[in-house]
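Below you'll find the structure, written out as structure tokens, and then a few comments.
In UniProt numbering, the protein residues as written are 1 to 457.
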């Protein structure tokens, strides 16, 4: 609101709106084109004074004559030497906060000594600052963001109200001081990696990259690994390098989900963000097939038919693919055989207790990995005897007779008897003889060949 007075009369109050807009666009927020150079402050004041003179019937002519109240305008405004050319302000400064007071003086008197202030240049072309027309107080006019604009160069001009109008300009640099208002940002929200399970300690997995658009300590990042995998992986707090530090075993843990935090080094209120690293271990043929026992024992009858299953020799390999596929073989086979796929042990030849009672069979389990791994188990087979004596000995006749003279000496062969056994040749078909009862017990004897001899009393 503007008003003019000559100490006797007052002019009508008039409002003058001043707005500095972008030099590039020449438009304000409403899209209205404005040429800042046409907004001459002194001309507006002069118009008000003339209007006041006419309304109050002053004798002053309406020509373009300077009223006496202006006096001689001999001096230009001068900014005070105490005003800095560069100032700092926090980016968190609220709208309306004072940045600096731009004070200028004019040694003239009257209106020629009155000074008003405007910003007639802003290197960023925005309206983050405004200046009080009368006091020269530079104020924050909108929210600041150092990450968008960290430095403003303003040209502040002080005009006097004399005729002709005189002015002075001063360049002011406003630096926006950073506050920690931006958290760290990772390049990705998650990462996927596949590494072999036999990777050596110290192997690098990834160097995480995160950025913080703040500056100084507010932008220095500290990395931290969260979770129970600290004994398997290590995160360098300064570089973000993830390395393997412990032995890995896919058969124990195949997948890892590692959460990594990035925290800025602000001492006030540090901000942080996180990402997840998913790691899957690739299988390596590092496990040999394993039998349940290293030694097995079984009893079998000697009369088992060929092809009978004696034992199932099963081995387990926890590796994947060919590394977990097991094949079986037998050392020194012959009596027994093993299925290469199932590990089933079968009888391949007839058993005979009388010839061999114990077999020691070696079974090898071999996976198909590269290189293949093996393990060995031993099978002890004990053969049980089976009574094969199916037929009793038979004499050709129920009664066999013979004679001997009474004067024959002791040991005289009296006769020979023969019995036949229908069992297969062997111990079960071998016949032995003995005298069990009868009147001749003690007088006659018989040997294993069935020969009877005479003994004297």
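Don't be surprised by glycine CBs; every beta carbon is placed ideally from N, CA and C.
Quick check on this structure: which residue in 179, 190, 241 has the alpha carbon closest to the alpha carbon of residue 216? Here the closest residue by C-alpha is 179.
Residue 154 and residue 115: beta carbons closer than 9 Å? No.
Relative to the C-alpha of residue 191, which candidate in 276, 167, 156 has its C-alpha closest? Among 276, 167, 156, the Cα nearest to that of residue 191 belongs to 276.
Considering Cα atoms alone, identify which of 97, 228, 195 is closest to residue 137. For residue 137, the nearest C-alpha among the options comes from 97.
Inter-residue spacing [alpha-carbon to alpha-carbon] between residue 447 and residue 433: Cα to Cα, residue 447 sits roughly 6 Å from residue 433.
If you drop the 5 nearest sequence neighbours on each side, which residues of the same chain put their C-beta closer than 8 Å to that of residue 268? Answer for residue 268: 180, listed in chain order.
Status (buried if at least 16 other CB within 10 Å, exposed otherwise) for residue 174: Answer is buried; the Cβ neighbour count reaches 16.
Secondary structure of residue 218, DSSP reduced to three states: Secondary structure at residue 218: helix, using DSSP grouped into helix, strand and coil.
Residue 214 burial status per 10 Å Cβ neighbour count (16 or more: buried): It counts as buried.
Let me know if residue 308 comes out buried or exposed under the rule of 16 or more other beta-carbons within 10 Å of its beta-carbon. Answer is exposed; the Cβ neighbour count stays below 16.
Taking just the CA atoms, how far does residue 300 sit from residue 443? Cα to Cα, residue 443 sits roughly 49 Å from residue 300.
Can you tell me which of the three DSSP states residue 134 falls into? The three-state secondary structure of residue 134, taken from DSSP, is coil.
Distance check for residue 104 and residue 132, CA to CA, integer angstroms please. Rounded to whole angstroms, residue 132 to residue 104 spans 13 Å at the Cα level.
So, are the CB atoms of residue 273 and residue 186 less than 9 Å apart? Note that the C-beta distance between residue 273 and residue 186 is below 9 Å.
Please give the ranges of any beta strand (DSSP E) in the region 265-293, keeping only runs that are unbroken, at least 3 residues long and fully inside the region. With a minimum length of 3 residues, the continuous beta strand (DSSP E) runs that stay inside the region 265-293 are 272-282.
In DSSP terms, what residue 297 is bridged to: Beta-bridge partners assigned by DSSP to residue 297: 380.
In whole angstroms, what separates the C-alpha of residue 318 from that of residue 379? Cα to Cα, the separation comes out at about 23 Å.
Any contact of the region 315-333 with the region 403-416, i.e. 3+ C-beta pairs under 8 Å? Between the region 315-333 and the region 403-416 there are fewer than three inter-stretch CB-CB distances shorter than 8 Å, so the stretches are not counted as touching.
Comparing alpha-carbon positions, which option in 341, 331, 303 lies nearest residue 352? Taking the Cα of residue 352 as reference, the smallest distance to any Cα among 341, 331, 303 is reached at 303.
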